[in-house]
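Asker:
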Amino acid sequence: MTTTATTTADTAQGADRAPVVSFRQVSKSYGAVRAVADLDLELYPGETVALLGPNGAGKSSTLDLLLGLRTADAGRVTLFGTTPQRAIEQGKVGAMLQSGGLMEGVKVKELVKLARDLHPRGRPLDEVLAAAGLTDIADRMVDKLSGGQEQRVRFALATAGAGELIVLDEPTTGMDVSARQTFWGAMRRQAEQGRTVLFATHYLEEADAIADRVIVLHRGRVLADGTAAEIKARAGARRIAFDLEEPIDREALLGLPSLTSLEVSGRTVRIQSQDADATVHALYGLGCYPHHLEVSGLGLEQAFIALTTASDARTATAEEAAR
Amino acid sequence: MTTLIKLEIVRSLRNKKFMFFSVIYPPVLYLIIAGGADSKPIPGMRLNMGLYFMVSMAAFGAMTAVLLGNSERIAKERENGWVRQLRLTALPGRGYVAAKMAAAATVSLPSILLVLLVGAVVKGVRLEAWQWLAIAVGTWLGSFVFAALGVAIGYLATGDAVRPLSMLCYFGLAFLGGLWMPLTFLPQWAQNVAEWLPTHAYAALGTAVEAGGAPHGKDIAILVGYLLVFAGGAAWLYRKDTRKA
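Taken in sequence, the protein lines are chains G and Z. Count along the first sequence from 1, then add 149; that gives the number in our numbering. Count along the second sequence from 1, then add 447; that gives the number in our numbering.
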C-alpha cells in the first residue's frame, strides 16, 4: 500500500515533474456556504488519488472547479499548466461525473463511439468497451440500463480517449460489492497505464484499496493528505482492547501516554492510541493486569471519523474562545 | 462532430412519437383541413384551399420538427446532466447546438416533402417544377428560424415549464400566423398583428411562389430579423447556462 506513495511530503520526487493538477488558494462559495476554502492541492503524474470526505465536504465542488465546470471565486486552478478548458479541449482529461446524464435513445456502443470520436486521441472502440466491461451489453439501449451499468458507461466515456488524467466522481455509486470489485480492477488498469487517476469517494474501503494517496476533505479544506496508512496513523492508528478486574480506575487509564480515546463498558476497556507500544507498556506500569489483550489497526473509516470529529471539536473550541 | 450529428438523427428516427408528430401529422392534418375544400379561390386571395394549406401545412410540419423537438430535448438534457458531460469532451460548445439544429433540419425535410407529395397526388395540385423546388427549399431554409427559437426555449426554461412555453409559442405562432386558416378569416386587428409574425412571413414565402412570383422582400427581411433575434437570444442563454453549469 505504501510502496508507490507520492505524497506532498515527497516533493523531492514530485519536484522534477510538473504537477498535473494544481490548486492555489482556491475558494468557492454558494451564497453563505463556503464549499471550498483556500484549497491548495497538487497532483503529480501517475498518482492514484482518492478525494475522501463526507457528503458536503466539498468533493464535488472541487472536481467541478478542476474540470472548469465552475469558476473559482478566488485562486487559480491549472491542469497541465493551462486552464481546465484548454486541457479538456486538448483531450488530456477524461471525466466521469456523478450527475453526468447520458444521451437517451441510443445504444451503449453508439454512445461510447461518440465519446471516442469526439476525443482528439480516441482509443479503439472494442478496447474501450472491454476495459469498462461493456462488451456484453454494447447493443443495449442506454435508457434500459441498471445503475451499475450506467456507471460503467460513464466510465467508458471518461476513458474513451488517451487522456493523461482521469477524474471520477463517486464512480461506484449504485454498484453491488462484486461489481465494485470489478470496477476497481478497471480503475487500477488505467493507473497501471501511467495515467493519473483522481476519484472522489465516501467509501473509505475504496480509498484504502486503490489509492496510493488519500486526501481527506472536510468543510472545503484539506484535513489530511498522505497514504492510507499515514492517515490512519495520524488519527490514532491502533486500537487496544482488554478486560480488567474491577474496580476500574478511569482516571488512571486516562493518564496513559499516547491515548486518544477511552471507552469502558463493564470490565472491557477499549483504547485508541497513537503509540500502542508505549500505551501497553504504561498499562503494566500502572499495576494493571489486562486479560485478553488485543492490539489491532484502526480501519480507515474509524481514522476518518476520528480526524473529522477532532477537527470539528477544534473549530468549536475556537469559536467559543472567540465569543 | 459528424458522429454527434449522425447520432442525433438516428435517435430522432427511433423516437416514434416524435416522428409521428413531425413527419406524419402535418400531411394528415393537411388532408383533414383541406379535405373538403373546393377549387374556388379563398376570399381576398388568389389561391384556393388546396394550394394555401399545402404551403402552410408544410411550414407547420417543419416548425413542429424543429421547434418542439429542440426545445424539449435541450431542456431535458440540460437537466439530466448530459450537456455537462458533453462539456467535458473536446466538442466545442456550439457543436451541441449545431448538431441539434442539423438533426432537426434533417427530420423536417421529409415532413415538408410528404406534405407536397400529398398535395400533388391527393389534392391534384399542379405547379411548375421551379415552383415545387422553390417551395421545398424556401420552407426548409425558413425552418431554421424556428430551430433557433427552439434552442432558445430549451435554454430558457427547465422541467415542467418547457412544454407549456414551447406549446404556447408553437400554437400561438401557428394560429396567428395563418398556418391553420387563411388570415382573411380573422378580424382585422389579428391580421395586423399577424403580418409581423415569423410564421406568417414563413408561409408567405411559399404562397408567393404558388401565385407565380418571387417571395416578397418584406417577408424575407422579417424572417432574417427573427432569425437574428432568436439565434442571438439562444447564444446569450447558452453562454449564461455555460457559466452556471
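All C-beta atoms in this analysis are idealised placements derived from N, C-alpha and C, irrespective of residue type, glycine included. All of these numbers come straight from a predicted model, not from anything done at the bench.
Would you list, in sequence order, the uninterrupted beta strand (DSSP E) runs of no fewer than 3 residues that lie entirely inside the stretch 196 to 255 of chain G?
Answerer: The qualifying runs are 197 to 201, 223 to 228 and 242 to 245.
Asker: Compare the C-beta of Gly240 (chain G) against all C-beta atoms of chain Z and say whether one is closer than 8 Å.
Answerer: Yes, its Cβ sits closer than 8 Å to a Cβ of chain Z.
Asker: With distances taken from CA atoms, which of G:Ser210, G:Val316, G:Phe172 and G:Gln247 is nearest Arg225 (chain G)?
Answerer: If we check each option's Cα against that of Arg225 (chain G), G:Phe172 comes out closest.
Asker: Does the CB of Val470 (chain Z) have a neighbour CB from chain G at under 8 Å?
Answerer: Chain G contact via Cβ: absent.
Asker: Please compile the residues from chain Z whose C-beta is within a distance smaller than 7 Å of the C-beta of Lys262 (chain G).
Answerer: Under the 7 Å cutoff, chain Z gives Thr450.
Asker: With DSSP as the reference, identify every bridge partner of Ile667 (chain Z), one or two as the case may be.
Answerer: Answer is none; Ile667 (chain Z) lacks a bridge partner.
Asker: Would you kindly work out how many angstroms separate the C-alpha atoms of Ala637 (chain Z) and Leu574 (chain Z), rounded to a whole number?
Answerer: The alpha-carbon atoms of Ala637 (chain Z) and Leu574 (chain Z) are separated by roughly 31 Å.
Asker: Please confirm if the stretch 420 to 433 of chain G is in contact with the stretch 370 to 377 of chain G, defined as three or more CB-CB distances below 8 Å between the two stretches.
Answerer: At 8 Å Cβ cutoff, the stretches do not touch.
Asker: Any chance you could list the beta strand (DSSP E) runs of at least 3 consecutive residues sitting entirely within the stretch 288 to 327 of chain G, in chain order?
Answerer: Within the stretch 288 to 327 of chain G, the complete beta strand (DSSP E) runs of at least 3 residues are 314 to 318.
Asker: If we ignore side chains and look at the alpha-carbon of each, how far apart do Leu214 (chain G) and Val592 (chain Z) end up?
Answerer: Whole-angstrom Cα-Cα distance: 36 Å.
Asker: Sorted by chain position, which residues of the same chain lie with C-beta nearer than 8 Å to Met548 (chain Z)'s C-beta, five sequence neighbours on each side aside?
Answerer: So the qualifying residues of the chain are Val513, Asn517, Phe591, Ala594, Ala595 and Val598.
Asker: Taking DSSP's pairing of strands, which residues face Phe591 (chain Z) in a bridge?
Answerer: Per DSSP, none; premise fails for Phe591 (chain Z).
Asker: Using a beta-carbon distance below 8 Å, is Val568 (chain Z) in contact with chain G?
Answerer: Chain G, which has no Cβ nearer than 8 Å to the Cβ of Val568 (chain Z), makes this no.
Asker: What's the call for Phe618 (chain Z), buried or exposed, on a 16-neighbour Cβ count within 10 Å?
Answerer: Exposed: under 16 other Cβ atoms inside 10 Å.
Asker: Given a cut-off of 8 Å on the beta-carbon distance, is the pair Ser558 (chain Z) and Val470 (chain Z) in contact?
Answerer: Yes, these two residues count as a Cβ contact at 8 Å.
Asker: If you draw a straight line from the C-alpha of Thr151 (chain G) to the C-alpha of Arg387 (chain G), how long is it?
Answerer: With a pLDDT of 40 at Thr151 (chain G), under the threshold of 50, the predicted position of this residue should be treated as unreliable, though the coordinate-derived value follows. So the alpha carbons of these two residues sit roughly 17 Å apart.
Asker: Taking Met252 (chain G) as the query, report the chain Z residues whose CB atoms sit under 7 Å from its CB, ordered along the chain.
Answerer: Per Cβ cutoff of 7 Å: Trp529.
Asker: Taking 8 Å as the threshold (C-beta atoms), are Leu670 (chain Z) and Tyr649 (chain Z) in contact?
Answerer: Cβ atoms of Tyr649 (chain Z) and Leu670 (chain Z): closer than 8 Å.
Asker: Where does the unbroken alpha helix (DSSP H) through Glu355 (chain G) begin, and where does it stop?
Answerer: Note, Glu355 (chain G): alpha helix (DSSP H), Leu353 to Ile359.
Asker: In the DSSP assignment, find the unbroken beta strand (DSSP E) run with Leu372 (chain G) in it and report its ends.
Answerer: Arg370 to Gly375 is the span of the beta strand (DSSP E), which, as asked, contains Leu372 (chain G).
Asker: Name the two residues that bound the continuous beta strand (DSSP E) containing Ala349 (chain G).
Answerer: Element bounds for Ala349 (chain G): Thr345 to Thr350.
Asker: Nearest chain Z C-beta to Ala184 (chain G) closer than 8 Å, yes or no?
Answerer: So no, Ala184 (chain G) is outside the interface.
Asker: Check whether the Cβ atoms of Ala349 (chain G) and Ala307 (chain G) lie closer than 8 Å to each other.
Answerer: No, Cβ-Cβ distance for Ala349 (chain G) and Ala307 (chain G) is not below 8 Å.
Asker: Whole angstroms is fine: what's the gap from Val418 (chain G)'s alpha carbon to Arg399 (chain G)'s?
Answerer: C-alpha separation (whole angstroms): 10 Å.
Asker: Against chain B, does Ala537 (chain Z) count as a neighbour if the rule is that its beta carbon must be under 8 Å from one of theirs?
Answerer: Of the protein chains in this structure, namely G and Z, none is chain B.
Asker: Taking C-alpha atoms, which residue in Z:Asp666, Z:Tyr685, Z:Ala545 and Z:Leu633 lies nearest to Ile600 (chain Z)?
Answerer: That would be Z:Tyr685, whose Cα lies nearest to the Cα of Ile600 (chain Z).
Asker: Quick one: which unbroken beta strand (DSSP E) runs of 3-plus residues sit fully inside the stretch 363 to 443 of chain G? Chain order, please.
Answerer: Those beta strand (DSSP E) runs which fall completely within the stretch 363 to 443 of chain G and span 3+ residues are 370 to 375, 387 to 392, 408 to 414 and 417 to 422.
Asker: Using the beta-carbon count (16 or more within 10 Å), is Ser511 (chain G) buried or exposed?
Answerer: Residue 511 (chain G) is absent from the structure shown; chain G starts at 150 and stops at 472.
Asker: For chain Z, check one thing: does any of its Cβ atoms lie closer than 8 Å to the Cβ of Thr155 (chain G)?
Answerer: Residue placement at Thr155 (chain G) is poorly supported in this model, since its pLDDT is 42, which falls under 50; the coordinates still yield a value, given next. Not an interface residue.
Asker: What does the alpha-carbon distance come out to for the pair Gly249 (chain G) and Gln532 (chain Z)?
Answerer: About 5 Å.
Asker: Using a beta-carbon distance cut-off of less than 7 Å, what residues from the stretch 512 to 527 of chain Z approach chain G?
Answerer: Of all residues in the stretch 512 to 527 of chain Z, Glu524 and Asn527 have a Cβ within less than 7 Å of some Cβ in chain G.
Asker: Out of Z:Gly528, Z:Phe500, Z:Val544 and Z:Ala581, which has the shortest C-alpha to C-alpha gap to Leu218 (chain G)?
Answerer: The residue with the shortest Cα to Cα distance from Leu218 (chain G) is Z:Gly528.
Asker: According to DSSP, is Gly272 (chain G) part of a helix, a strand, or is it coil?
Answerer: In the sequence on display, residue 272 (chain G) carries Arg and not Gly. Looking at Arg272 (chain G) - three-state DSSP - the assignment turns out to be coil, as it is neither helix nor strand.
Asker: Starting from the beta carbon of Ser248 (chain G), find every residue of chain Z whose beta carbon is closer than 8 Å, and list them in chain order.
Answerer: Result: Gly528 and Arg531.
Asker: Check whether the stretch 173 to 180 of chain G and the stretch 221 to 238 of chain G touch, using three or more Cβ-Cβ pairs below 8 Å as the test.
Answerer: Cβ pair count under 8 Å is three or more, so yes.
Asker: Name the chain G residues whose beta carbon is nearer than 9 Å to that of Val592 (chain Z)?
Answerer: Here the premise fails: no neighbours, minimum Cβ distance about 26 Å.
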